[in-house]
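In this note's numbering, the protein residues as written are 597 to 1221. A virtual CB, placed ideally from N, CA and C, is assigned to each residue, including glycine. Here the structure is laid out as structure tokens; the discussion comes afterwards.
As structure tokens, this is what we get:
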């Protein structure tokens, strides 16, 4: 019988090395983000920065990275597939990295820090390993957040130029990193030329009491039909100054809603998406899709079907992910549009599944069951769905504030892993890999990336009205040299995702016989390659046992996949504050000689496997094949 034992090494130097190996790589009311609060600009209060490109390490950090490299050979080989199942890094350009010293992040700053996200070299261990970037809005806008756009086919001067953007796209693609951008279609800025022309026309023609679709009026001012005007007050409408007219603006007066039923508006949208696709973008993040038509899912789905078809006709493999901030039972219906992904809000935030399991309010088994249930619900609507798990984003309080007191750092780490262990295209908000803090007003949630120190070159000042507060955890420079840091834990969690494609692309089967209140076991499984049918997945009976092709129970973990290599992985999660022992032999799918192939640990203690007896430390995750 083969066995693989990870022994704890006592000496501090070797413990650090081993940790580097083992730590690898509510339904909310809408709209509710600070984009609805109006125009704001910049401030100088900030927490930390890094003066050098993260791909270039100082002497102290190089020593640690050498230790990491020494052990890379002992880790399973990377198997990064080039498809839509990725690990995406969300960047708020304003607060990320400042290349020109004005205190505001810019596109050249993103270029300067690309090696931090992904250096394009699988043999190195100095990058996070994310292979997609989502840029929050980059077009001209009167506000710092730029969700109220004045020109959809330009770059805000604070961020740079179209030439800078072209260079960023090229640099991403050289690293095999996809780039998607925010597409804000529910509304424009009230300073957009379309709205200004419509508003001016109404002010100049006080005799107009009805906006009828007459050829004369359409010719005189087509932009009257780009928005929703009313000569009577209505819920969600704002008074147009200097007139007796009202316009729909569900977020705030500075964001007039577009009339998405208007064919001229649709032509403008198609022109906008074509413009950015021609510049090389790989897809779009759709803002506020449940607000396209207020309280009208049917119309929202119909519009997104048109939008999806339009974008895919322009770029067949474009990736589209929508923000439907609502319950799974509602946003699951939106997959009927053909849009690739919608964010998994039920798992995110302080009250979501991930945080509840990380703080031990729910069992790890409940996490596995929630994933399995979601997979079934989404696939029933669209078999080609790609889930979009995330833990926090720019509208949410940051994760570091969810966990306080004893064991809080361990919970921050575990929560990050639970996000990255979900199937689909997983999203990480910039700075979460450092345990950045920020809550309350939205400006606080978009604080400067903590590269090094507050006065270092490249450090952003952050939004003007951001409150001054101290971060709980150190900057990148300090964390990079600490093998037990949140940063190094995230890196190894992402590496795990990049090592086993079945994690992002497979299905989930909870294994209750191996689980209890503190232990959650589940199998992530994919195509077995046992037949010519590419959809030949492992099948389980009601006990979670694998049913082989002949109808008999057979070993799950020995199955192979022609693309993924490993057709199935058994993942064990311990969210207790003490070590636990699990007898893997209680489940028939384990087989007689399981192998501990990967593990994520929050501290010095590691998992060990002796035969079928698994010892897993507090807040540990073990991957068995």
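*Looking at C-beta atoms only, is the number of pairs between the region 957-976 and the region 988-1005 that lie closer than 8 angstroms three or more?*
No contact exists between the region 957-976 and the region 988-1005.
*asked:* Here's the rule I'm using: 16 or more other beta-carbon atoms within 10 Å means buried, otherwise exposed. How should residue 670 be labelled?
replied: In the chain shown, counting from the first residue as 1, residue 670 sits at position 74. Label assigned to residue 670: exposed.
*Cutoff 8 angstroms; reference residue 806; Cβ partners in own chain excluding five residues on either side*: In the chain shown, residue 806 corresponds to position 210, counting from 1. If the five residues before and after residue 806 are omitted, its C-beta is found closer than 8 angstroms to the C-beta atoms of 827, all from its own chain and listed in chain order.
*Completely contained alpha helix (DSSP H) runs for the region 1077-1105, where each covers 4 or more residues*: With a minimum length of 4 residues, the unbroken runs of alpha helix (DSSP H) contained wholly in the region 1077-1105 fall at 1082-1095 and 1098-1101.
_Comparing C-alpha positions only, which one of 1092, 683 and 1119 sits nearest to residue 672?_
Counting from one through the chain shown, the residue named residue 672 turns up at place 76. Closest option to residue 672, judged by alpha-carbon separation, among 1092, 683 and 1119: 1092.
*asked:* Measuring alpha carbon to alpha carbon, tell me which residue in 1203, 1166 and 1079 is nearest residue 1221.
replied: On the chain shown, residue 1221 is found 625 positions in, with the first residue counted as 1. Nearest C-alpha to residue 1221 among 1203, 1166 and 1079: 1166.
*Go to residue 766, then tell me how far its beta strand (DSSP E) extends in each direction, as first and last residue.*
Within the chain shown, residue 766 is the residue found at index 170, counting from 1. Per DSSP, residue 766 lies in no beta strand (DSSP E) segment; the continuous alpha helix (DSSP H) that holds it begins and ends at 758-770.
*Since residue 1157 sits in a beta bridge, which residues does DSSP pair it with?*
Counted from its first residue, the chain shown places residue 1157 at position 561. The partner list for residue 1157 (beta bridge, DSSP) reads 1161.
_Under the three-state DSSP convention, the category residue 984 falls into_ = In the chain shown, the residue the question calls residue 984 occupies position 388. It is a strand residue.
*Hey, how far is the Cα of residue 1222 from the Cα of residue 985?*
Any property of residue 1222 remains undetermined from this structure, which presents the chain solely from 597 to 1221.
*Compute the beta-carbon to beta-carbon distance between residue 778 and residue 731, rounded to the nearest angstrom, for a pair I have assumed lies under 8 angstroms.*
Residue 778 sits at position 182 when you count from the first residue of the chain shown. Residue 731 sits at position 135 when you count from the first residue of the chain shown. With 8 angstroms as the limit, residue 778 and residue 731 qualify as a contact, their Cβ atoms being about 7 angstroms apart.
*How is residue 871 classed by DSSP in three states: helix, strand or coil?*
In the chain shown, counting from the first residue as 1, residue 871 sits at position 275. Residue state, collapsed to three classes: helix.
*Any idea if residue 782 is buried or exposed, counting beta-carbon neighbours within 10 angstroms, 16 or more meaning buried?*
Working through the chain shown from its first residue, we reach residue 782 at position 186. Residue 782 is buried by the Cβ-count criterion.
*Anticipated Cβ contact below 8 angstroms, residue 1015 with residue 987, distance rounded*: Here residue 1015 is taken as the residue at index 419 of the chain shown, counted from 1. Here residue 987 is taken as the residue at index 391 of the chain shown, counted from 1. Going by Cβ atoms, the distance from residue 1015 to residue 987 rounds to 4 angstroms, so yes, they are a contact pair.
*Closer than 6 angstroms: residue 887 CB and nearest the ligand FAD heavy atom*: This structure simply doesn't include the ligand FAD, nor any ligand for that matter.
*Apart from the five residues on each side of it in sequence, which residues of its chain come closer than 6 angstroms, Cβ to Cβ, to residue 710?*
By 1-based counting over the chain shown, the position of residue 710 is 114. Within the same chain, residue 710 has close Cβ partners 767.
*Roughly how many whole angstroms lie between the Cα atoms of residue 1098 and residue 761?*
As a working note, residue 1098 is residue 502 in the chain shown. As a working note, residue 761 is residue 165 in the chain shown. Inter-residue distance for residue 1098 and residue 761 is about 33 angstroms (C-alpha atoms, whole angstroms).
*asked:* Could you give the first and the last residue of the continuous beta strand (DSSP E) run that contains residue 678?
replied: Here the question's residue 678 lines up with position 82 in the chain shown. Counting along the chain, residue 678 falls outside any beta strand (DSSP E), and DSSP gives it neither H nor E.
*Who are residue 1218's beta bridge partners in DSSP?*
Indexing the chain shown from 1 puts residue 1218 at position 622. DSSP output for residue 1218 lists 1168 and 1195 as bridge partner(s).
*My guess is that residue 1152 and residue 1119 are in contact by the Cβ rule of under 8 angstroms, so how many angstroms apart are they, rounded?*
Counting from one through the chain shown, the residue named residue 1152 turns up at place 556. Counting from one through the chain shown, the residue named residue 1119 turns up at place 523. Going by Cβ atoms, the distance from residue 1152 to residue 1119 rounds to 6 angstroms, so yes, they are a contact pair.
*Are the CB atoms of residue 917 and residue 944 nearer to each other than 7 angstroms?*
In the chain shown, the residue the question calls residue 917 occupies position 321. In the chain shown, the residue the question calls residue 944 occupies position 348. Result no, Cβ atoms of residue 917 and residue 944 do not sit closer than 7 angstroms.
*What residue does the alpha helix (DSSP H) around residue 1005 start on, and which one ends it?*
On the chain shown, position 409 is the one that residue 1005 refers to. Counting along the chain, residue 1005 sits inside the alpha helix (DSSP H) bounded by residues 1004-1016.
*Pick helix, strand or coil for residue 837, following the three-state DSSP scheme.*
Mapped onto the chain shown, residue 837 falls at position 241. Residue 837: coil per DSSP, three-state reduction.
*Closest by CA to residue 939, which one among 1023, 1183 and 676?*
Counting from one through the chain shown, the residue named residue 939 turns up at place 343. When only C-alpha atoms are compared, the closest one is 1023.
_the region 1205-1216 / the region 1167-1184 touching (three or more Cβ pairs under 8 angstroms)_ = Counting Cβ pairs under 8 angstroms, three or more are found: they touch.
*asked:* Given this structure, state the Cα-to-Cα distance separating residue 1183 from residue 1161, to the nearest angstrom.
replied: On the chain shown, position 587 is the one that residue 1183 refers to. On the chain shown, position 565 is the one that residue 1161 refers to. Rounded to whole angstroms, residue 1183 to residue 1161 spans 22 angstroms at the Cα level.
*Note the first and the last residue of the continuous alpha helix (DSSP H) segment covering residue 901.*
In the chain shown, residue 901 corresponds to position 305, counting from 1. It spans 893-910 - the alpha helix (DSSP H) in which residue 901 sits, taken as one unbroken run.
*asked:* Comparing C-alpha positions only, which one of 856, 1168, 702 and 843 sits nearest to residue 759?
replied: Mapped onto the chain shown, residue 759 falls at position 163. The candidate whose alpha carbon is nearest that of residue 759 is 702.
*Classify residue 733 as buried or exposed, calling it buried when 16 or more other Cβ atoms lie within 10 Å of its own Cβ.*
For the purposes of this step, residue 733 is taken as the residue at position 137 of the chain shown. Of the other Cβ atoms in all chains shown, 16 or more fall within 10 Å of the Cβ of residue 733; this residue is therefore buried.
*Which runs of the beta strand (DSSP E), 3 residues or longer, sit entirely within the region 707-731?*
For the region 707-731, whole beta strand (DSSP E) runs of length 3 or above, ordered along the chain, are 728-731.
*DSSP on residue 1061, reduced to helix/strand/coil?*
For the purposes of this step, residue 1061 is taken as the residue at position 465 of the chain shown. In this structure, residue 1061 counts as coil in the three-state DSSP scheme.
*Three-state secondary structure (DSSP) at residue 880?*
Stepping through the chain shown from its first residue, residue 880 is reached at position 284. Residue 880: strand per DSSP, three-state reduction.
*According to DSSP, is residue 958 helix, strand or coil?*
If you number the chain shown from 1, residue 958 lands on position 362. Reduced to three states, the DSSP call for residue 958 is coil.
*Which of helix, strand or coil DSSP assigns to residue 949*: Sequence index remark: in the chain shown, residue 949 carries index 353 (1-based). Residue 949 falls in the helix class under three-state DSSP.
*By a C-beta neighbour count over all protein chains shown, 10 Å radius and 16 as the cutoff for buried, is residue 802 buried or exposed?*
Your numbering for residue 802 matches position 206 in the chain shown. It is exposed - the Cβ of residue 802 has fewer than 16 other Cβ atoms within 10 Å.
*Given residue 1086, which residues of its chain have a CB within under 6 angstroms of its CB, disregarding the five upstream and five downstream residues?*
Locating residue 1086 in the chain shown gives position 490, counting from the first residue. If we look at residue 1086 and ignore the five residues flanking it on each side, its Cβ neighbours are 1012 and 1029.
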